[in-house]
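J.: So the protein lines, in turn, are chains H and C.
Last residue of the first sequence: 521 (the numbering used here), numbering continuous.
Last residue of the second sequence: 1042 (the numbering used here), numbering continuous.
Number of protein chains: 2
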Amino acid sequence: MLFKWIAELLTRRGGYEVQVSSGTTATTREDFRAMVKTMMDYKSALDLLDWDAQTQMPEQGVQARSDAMGMLAAARFRLSVSAQMQEYLGELAASATLDPVTRRMVAIGQREYDRNCKVPEARFQAYVTLTTQAQSVWAKAREEDDFASFAPWLLRVIQMKREFAEYWGYDEHPYDAMLDEYEPGLTVAELDATFALVRDQTVQLLDRIRKGRKPEAEFLQRYFDPARQRDFSRWMLGQLGYDWRSGRLDETAHPFCTTIGHGDVRITTRYLPHFFNSALFGAIHECGHALYEQNISGELFGTNLFEGTSMGIHESQSRFWENIVGRSESFWEHYYPALQSHFPDQLAGVTWRDFYAAVNVVEPSLIRVEADEVTYNLHIMVRYELEKGLAGGDLRVADLPAIWREKMQAYLGIAPGNDRDGVLQDVHWSSGLFGYFPSYALGNLNSAQMAHAMRRALPDLSALIGRGEFAPVRAWLTDQVYQHGKLKTAAQIMMDATGEPTNATYLLKYFAEKYSPLYAL
Amino acid sequence: MLFKWIAELLTRRGGYEVQVSSGTTATTREDFRAMVKTMMDYKSALDLLDWDAQTQMPEQGVQARSDAMGMLAAARFRLSVSAQMQEYLGELAASATLDPVTRRMVAIGQREYDRNCKVPEARFQAYVTLTTQAQSVWAKAREEDDFASFAPWLLRVIQMKREFAEYWGYDEHPYDAMLDEYEPGLTVAELDATFALVRDQTVQLLDRIRKGRKPEAEFLQRYFDPARQRDFSRWMLGQLGYDWRSGRLDETAHPFCTTIGHGDVRITTRYLPHFFNSALFGAIHECGHALYEQNISGELFGTNLFEGTSMGIHESQSRFWENIVGRSESFWEHYYPALQSHFPDQLAGVTWRDFYAAVNVVEPSLIRVEADEVTYNLHIMVRYELEKGLAGGDLRVADLPAIWREKMQAYLGIAPGNDRDGVLQDVHWSSGLFGYFPSYALGNLNSAQMAHAMRRALPDLSALIGRGEFAPVRAWLTDQVYQHGKLKTAAQIMMDATGEPTNATYLLKYFAEKYSPLYAL
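1) Cβ atoms of R270/H and A290/H: under 8 Å apart, would you say?
2) Ordered along the chain, which non-local residues of its own chain (more than five positions away) have a Cβ less than 6 Å from that of A217/H?
3) Do the CB positions of A714/C and M699/C come within less than 8 Å of each other?
4) Using the rule of at least 16 other Cβ atoms within 10 Å of the residue's Cβ for burial, across every protein chain shown, is R939/C buried or exposed?
5) Let me confirm a value: K909/C is counted as buried when at least 16 other C-beta atoms fall within 10 Å, else exposed. Which label applies?
6) Determine the chain H residues that contact M556/C at a beta-carbon separation under 9 Å, and present them in chain order.
7) Less than 8 Å between C-beta atoms, sequence neighbours within five positions excluded: which residues of the same chain meet that for Q946/C?
8) Under 8 Å between beta-carbons, which chain C residues line up against D67/H? List them in chain order, please.
9) Quick one: is T375/H buried, meaning 16 or more other Cβ sit within 10 Å of its Cβ, or exposed?
10) Taking only three categories from DSSP, how would you classify V627/C?
11) I believe S968/C touches I845/C by the beta-carbon criterion, under 8 Å. Please report the beta-carbon distance rounded to the nearest angstrom.
12) Does the count of Cβ pairs from the region 260–280 of chain H and the region 582–589 of chain C closer than 8 Å reach three?
13) Which complete alpha helix (DSSP H) runs does the region 959–984 of chain C hold, if anything under 4 residues is left out?
14) Tell me I465/H's beta-bridge partners as DSSP assigns them.
15) Mind checking whether N304/H and M35/H have CB atoms under 8 Å apart?
16) Can you tell me where the alpha helix (DSSP H) with D771/C in it begins and where it stops?
17) Measure from the alpha carbon of Y77/H to the alpha carbon of each residue in R162/H, L197/H and M39/H, then state which is nearest.
18) For D264/H, which residues in chain B fall below 8 Å Cβ to Cβ?
19) Please list, in chain order, all residues of the same chain as L985/C whose beta carbon is under 8 Å from its beta carbon, the five residues on each side excluded.
20) Assuming D52/H is part of the alpha helix (DSSP H), what are its boundary residues?
21) Return yes when the Cβ of T258/H is within less than 8 Å of the Cβ of R522/H, no when it is not.
22) What residues from the region 608–634 of chain C come within 8 Å of chain H, judged by C-beta to C-beta, listed N to C?
23) With the cut-off set at 8 Å, would you say E884/C and D875/C are in Cβ contact?
24) Evaluate K211/H with the Cβ neighbour count: other Cβ atoms within 10 Å of its Cβ, from every protein chain shown; 16 or more gives buried, anything less gives exposed.
25) Rounding to the nearest angstrom, what Cα-Cα distance links T527/H and R199/H in this structure?
26) Please report the straight-line C-alpha distance between A522/H and F306/H, rounded to a whole angstrom.
27) Determine whether the Cβ of S601/C lies closer than 8 Å to any Cβ atom of chain H.
28) Rounding to the nearest angstrom, what Cα-Cα distance links F802/C and H694/C in this structure?
29) Pull up the CB-CB distance for V948/C and W925/C, whole angstroms please, since I reckon it's below 8 Å.
30) With burial defined as no fewer than 16 other Cβ atoms inside 10 Å of the residue's Cβ, what is the status of Y223/H: buried or exposed?
31) Have a look at Q492/H, M454/H, D180/H and V81/H and flag the residue whose alpha-carbon is nearest the alpha-carbon of W476/H.
32) Is T790/C helix, strand or coil by DSSP?
33) Does any residue of chain C bring its CB to less than 8 Å from the CB of R156/H?
34) Expressed to the nearest angstrom, what Euclidean distance is found between the alpha-carbon atoms of L205/H and G466/H?
35) Can you give me the Cβ contacts of P922/C inside the same chain, cut-off strictly under 7 Å, excluding the 5 residues immediately before and after it?
36) For R245/H, which residues in chain C fall below 8 Å Cβ to Cβ?
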């Protein structure tokens, strides 16, 4: 088989070795696209090697895998910053007649080129070394609940991120340069107003919920046979429209979704025998990511536009399917009989309304990844405010544990008794991932905003969900979001799909409408 | 994670981009080894992508996978024939002080360089196109039992292989150049004498067996639950010493073994509910390949010596474990109680001696891949003699069906009534794989010859097998064969391990000693 591929490659014009110094724009365009295709092929291989490492690989295979991935990543990286790439980007950016797809490909390529080139190589190496060590220190510090041992490392990480922000550049706030890494173009100025509103309104809602009538949910912790959970999850993914010919479901400690290539979008979940929610809602969440990736236009395959446009849009899809569809009243009115017949003993005497209420219990907790949809955003607000302060130089690392507790108390009404369940709980900062958290909250905002817009086109949305008819829902999302991949920016997607920029209105409205009856507020 | 690998790569000296024009031999040595390591990393990625395609990949992922593998194969291929590689090889070959490992690496690298460079690119492309088409034609021709439609394509394939033989070069027979592809250095002159002996003696043995007392074996076709077969196969692999921390067992239509990298050697088998032999002996066969690969010295990891030295040696290991161990009397005397308690209904009233006899039934059949260990070699002899005639220009393609039937009748005593079960049964020729079949028979010869030599060191070999004590067996094989990888040639392995070149004596002796009592000859 390999012979065939080699020969095919040899017969094809192009690849990244072709010289184009005397070419026309059309030639450059083809050569540039061939080079991008090569980079995407490297990415495909890397994504598969990574997926395999997390799902299938024998334990002794780590070193060999690390070597192979390192080589492939370096090869891909070199192309992204090559002189040839620079030449293509310059020539094509200057062309007035470029087609829109290639124009956008050039913009994305330029962005990656800049990000990778602006940081001096020695500083990038120092950063990687630092964060690798910082992660080990963090893991130990969290285990031993010892923030003091982690503090000097966190200080160095944030100092280096601030240094990088200067290389990358920003208009107003150093944190803008960090946000930009995950949500291109997003700024502190935009987030501040929106997030303050989300925070204040959610805190008020939570106050009311605390005084409301708390649903019974203990039955979710009965024994649910993992094999039967798997069967039900698989069946449910098919109901939602996950294309099994283009995907598969496996089991990992931390669920994820990964796109290996066109026609190959894989998801994972985990089956906890004594907590029903984890597997099914985890699977639906990842299915939301997968529906996005499975429905990107095939015409974009092989370009650097063949992926979700931003983390905030991607997360909107996982949240839309998990919460707005999967935790809705009409959804369970329709699907509960199937679930109950699947788990007759565990759900004996539980009505669909009981079940619907139970999977929507709102309860302040210390750990972000276990939070319900209402309190989740408050966890993000704590992190956002701290990151912004650190990035701007307004906060001292030593003060973080105390500020963390204050904010948790103020927003969620509870505070951790130790740092392990507080400021040390997330891996992100030790890995240098500043600017990443806000996207989770943006995903929630976007999901509700899209659902609102979708109802203009599909006024009977709840009825559709209540009949398990998801084809029109997927069609709307494909039309507005999925098919475009990275061809549109996140901001364009939101404007075109909803008519307004991302804002807090619709999520807060959704919360109010959903939780008032549930908690008899 | 990727960031880390990139940085690590950037900080490492070397990789294939380093220029060494003014370097010392020591520098060249390091650069050459770094380039080979890169090629092996590409191979690792390719092997994983291929394994995944055969075991895990969603059906719609074919095109993307083909693209990624094509790119990686081409990148690896370019390195193997690069001017830089040529320079390294030339400089290092001239060095008088090179360490033995690097010296052998240079020899292997030179061999690959020559093989890939000697055929003009246009002819190689034509070959790939031709064999791709020929395979489709063959598949249809086999289905329709229509040799005439395949004949002109086969003619073109063999003509092109003869042309390639001229590029590659040979001393005596064009077929030598084809054999060399799978069994470096092997010639028609060597094979002719050995194979004639195997053929004539086996034909005589088979005549006697036909007149002997045929064991009862119908119980092997009772219903054996696939899940229970899997459990037993997994348990048995552990008994033989397959390292589960460095491997895994999956299910595919065609069993295979593949090495992804150090610490990652995977095997597959298939579970037929109504034929017991397929899964267990298939798994043991692949386990033999895997034991070889799992026990290559870790010091060779990352070099082009980190794999089995030839197909004939590799096949000797699968056959040793499958037949000489797994189909032996003492093996089943020991393991039959475990098997019987695993399948009490299916094996009710079957003694271990019945079972041992049943898995060793000798029965001439038309299809090679279903043949027992005695008749198998006769299938190979038919193919060897035909290939040699085609390669030498002594045989006409149009005459193949008739000659096939003649030889089958003469050697096995049966002949196919159609070409589908005759000359059209194997994919090899349509794919251009001339010279590949003999390695299967060599594997059988080598396995018996090694077993004979092993008995000099382990006189109680049968008793060890009869106690399930395989550690000394693996230790001997690791010492003599496995650890060396490609550091020794196949001929060196056989000389060092057995004291003589590959010959027919020991396989024939093994057959006589085993089948005389079994068939009461």
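All C-beta atoms, glycine included, are put in the ideal place defined by N, C-alpha and C.
T.: In terms of the structure at hand:
1) No.
2) A358 and V361
3) no
4) It should be noted that the sequence gives Asn, not Arg, for residue 939/C. It is exposed - the Cβ of N939/C has fewer than 16 other Cβ atoms within 10 Å.
5) buried
6) Residues of chain H passing the Cβ test: none, with the nearest at roughly 11 Å.
7) R663, L887, I888 and R889
8) K558, D562, S565, G782 and G823
9) buried
10) helix
11) About 6 Å separates the beta carbon of S968/C from that of I845/C, a gap short enough to meet the 8 Å contact definition.
12) yes
13) 959–978
14) According to DSSP, which records beta bridges pairwise, I465/H is partnered with nothing at all.
15) no
16) Taken as a continuous stretch (DSSP letters only), D771/C belongs to no alpha helix (DSSP H), being part of the beta strand (DSSP E) at L770 to E772.
17) Here the sequence assigns Phe to residue 77/H, which means Tyr is not the residue at that position. Checking every option, the nearest Cα to that of F77/H belongs to M39/H.
18) No chain B appears in the structure shown, which is made up of the protein chains H and C.
19) L979, F991, P993 and V994
20) T25 to T55
21) Residue coverage of chain H in this structure runs from 1 to 521, which leaves residue 522/H outside it and unanswerable.
22) none
23) no
24) exposed
25) An answer regarding residue 527/H cannot be provided, because it is not within the stretch 1 to 521 covered by chain H.
26) Summary: the structure shown does not reach residue 522/H, with chain H confined to residues 1 through 521, and so no result is reported for it.
27) Not one chain H Cβ lies under 8 Å of S601/C.
28) Spanning the two alpha carbons is a distance of roughly 37 Å.
29) With a Cβ gap of about 16 Å, V948/C and W925/C do not count as contacting.
30) exposed
31) M454/H
32) strand
33) no
34) 27 Å
35) F668, D940, G943 and V944
36) P579, E580 and Q581
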